[in-house]
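> Numbering (this note's numbering), first residue to last: 613 to 932. Backbone N, C-alpha and C fix where the C-beta goes; we use that ideal spot for every residue, glycine too. Quantities reported herein were computed from a predicted structural model and do not represent experimental measurements. My questions all concern the structure below.
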């Protein structure tokens, strides 16, 4: 009997040690890595989250911006950090879309290195046109695209929405000219200046051009309307489910993170997003505070992966 008890204690000891370590985390400052550029909506979300976690855990959380390269820089920085020293705040597509749309070998494992922890917010994507485009809504835009495709150059944030819009064009017999950019900021500038006519872009950097009357929003991709633009309908409302998409701002942990710590972090994220200040500040930046747990994020990622697989089965794998 004593031998059995001793063996049982030995089996339980590693779990007990892991729980104790999780309870004492963080023992040193933590890097909150984000794929968003400074000043972006994602950057704002990261700073609000870092501030809230610092207050609750009594340790410094420092935002580290790693934009560019289709989120590969942020993913690699997170994956190569020592366990417990970094978290990643990025669009959920870093785990669902990037593995299928990025040619070549990834510098991180999107399954093993990106442990789903929580959803913090939804970042609205908006299909907008330059003010001179003679289309007041999506119906008018599609009519124009069919009659005069040569008048519409377009850009979309890379990843799922670009695939979805390419597939949408193919299914409707449209052939618009795609223009590539290194990120949303230069695309927003060119859309406002009329150098491109159509963009599917994060709402946050578009708001200024919309308010100045340089850009006209036609629809958001989300299942709900954006608080910053309540008059602009969603794609599903307009009967365009192929272009409906809810981008999630997601928090990922490290490989081997203890389940108890993951759940505690998810609870803290929910508390932070529920505060009026955070909700208002995210809303003003074109985002919606919307907490979700690890299981919610995992379901989002799985659903996005299936849509990406379906699109690539028709369009073929990305080139480059």
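Check residue 634 in the structure and name its three-state DSSP category.
Here residue 634 refers to the residue found at position 22 when the chain shown is read from its first residue. Low local confidence applies: a pLDDT of 49 at residue 634 is under 50, so the model's placement there is unreliable, with the coordinate-based value given in what follows. Residue 634: helix per DSSP, three-state reduction.
> Pair every Cβ in the segment 754-772 with every Cβ in the segment 782-789, then say whether three or more of these pairs are closer than 8 Å.
At 8 Å Cβ cutoff, the stretches touch.
> Starting from the Cα of residue 861, find the closest Cα among 759, 660, 643 and 640 and give me that residue.
Residue 861 sits at position 249 when you count from the first residue of the chain shown. Looking at the Cα atoms, 660 is the closest of the given residues.
> Which whole runs of the alpha helix (DSSP H) in the segment 647-718 are 4 residues long or more, in chain order?
As far as the segment 647-718 is concerned, its whole alpha helix (DSSP H) runs of at least 4 residues are 653-669, 684-692, 705-708 and 710-713.
> From residue 758 to residue 781, what distance separates their C-alpha atoms?
Here residue 758 refers to the residue found at position 146 when the chain shown is read from its first residue. Here residue 781 refers to the residue found at position 169 when the chain shown is read from its first residue. C-alpha separation (whole angstroms): 10 Å.
> Just the C-alpha distance for residue 753 and residue 747, rounded to the nearest angstrom, thanks.
Your numbering for residue 753 matches position 141 in the chain shown. Your numbering for residue 747 matches position 135 in the chain shown. Cα-Cα distance, rounded: 5 Å.
> Rounded to whole angstroms, what's the CA-CA distance from residue 693 to residue 874? Just pull it up for me.
As a working note, residue 693 is residue 81 in the chain shown. As a working note, residue 874 is residue 262 in the chain shown. The straight-line gap from Cα to Cα measures roughly 17 Å.
> Under 8 Å, Cβ to Cβ, is there at least one residue of chain D near residue 898?
Among the protein chains of the structure shown there is no chain D, as only one such chain exists.
> With a cut-off of 8 Å on the beta carbons, I'd call residue 675 and residue 726 a contact; round off their distance for me.
As a working note, residue 675 is residue 63 in the chain shown. As a working note, residue 726 is residue 114 in the chain shown. At roughly 18 Å, the Cβ-Cβ gap does not stay under 8 Å, so residue 675 and residue 726 are not in contact.
> Hey, residue 648 and residue 679 are a contact pair by Cβ (cut 8 Å); roughly how many whole angstroms apart?
Taking the chain shown and counting its residues from 1, the one referred to as residue 648 is at position 36. Taking the chain shown and counting its residues from 1, the one referred to as residue 679 is at position 67. The pair is a contact, with the Cβ atoms about 6 Å apart (cut-off 8 Å).
> Using DSSP with H/G/I as helix, E/B as strand and the rest coil, what is residue 876?
Along the chain shown, read from residue 1 onward, the residue named residue 876 stands at position 264. Residue 876 falls in the helix class under three-state DSSP.
> Thinking C-alpha only, which one of 929, 653, 711 and 805 is nearest residue 745?
Residue 745 sits at position 133 when you count from the first residue of the chain shown. Of the listed residues, the one whose Cα sits closest to residue 745 is 805.
> Can you name, in chain order, every residue of its own chain whose Cβ lies under 7 Å from the Cβ of residue 905, other than the five neighbours on each side?
On the chain shown, residue 905 is found 293 positions in, with the first residue counted as 1. Around residue 905: 730 and 878.
> Consult DSSP for residue 730 and reduce its assignment to one of helix, strand or coil.
Residue numbering aside, residue 730 sits at position 118 when the chain shown is read from its first letter. It is a strand residue.
> Closest to residue 771 by CA distance: which of 799, 807, 797 and 703 is it?
As a first step, residue 771 is located in the chain shown; it is residue number 159 there, counting from the start. When each option's Cα is compared against that of residue 771, the closest is 703.
> In or out: residue 697 buried (at least 16 other Cβ within 10 Å) or exposed?
Here the question's residue 697 lines up with position 85 in the chain shown. Per the 10 Å Cβ criterion, exposed.
> Which of helix, strand or coil does DSSP assign to residue 747?
One-based indexing of the chain shown puts residue 747 at position 135. Correct three-state label for residue 747: coil.
> Can you tell me where the beta strand (DSSP E) with residue 821 in it begins and where it stops?
Taking the first residue of the chain shown as position 1, residue 821 is located at position 209. No beta strand (DSSP E) holds residue 821; the alpha helix (DSSP H) holding it covers 815-823.
> So, is residue 916 buried or exposed, given that buried needs 16 or more other C-beta atoms within 10 angstroms?
As a working note, residue 916 is residue 304 in the chain shown. Label assigned to residue 916: buried.
> In three-state terms, what does DSSP make of residue 809?
For the purposes of this step, residue 809 is taken as the residue at position 197 of the chain shown. Residue state, collapsed to three classes: coil.
> As an exercise, report each continuous alpha helix (DSSP H) stretch of at least 4 residues that is fully enclosed by the segment 834-908, in chain order.
For the segment 834-908, whole alpha helix (DSSP H) runs of length 4 or above, ordered along the chain, are 871-886 and 888-896.
> Check residue 794 in the structure and name its three-state DSSP category.
Residue mapping note: residue 794 aligns to position 182 of the chain shown, counting from 1. Reduced to three states, the DSSP call for residue 794 is coil.
> Which residue or residues does DSSP assign as beta-bridge partners of residue 740?
The sequence position of residue 740 within the chain shown is 128, counting from 1. DSSP output for residue 740 lists 811 and 829 as bridge partner(s).
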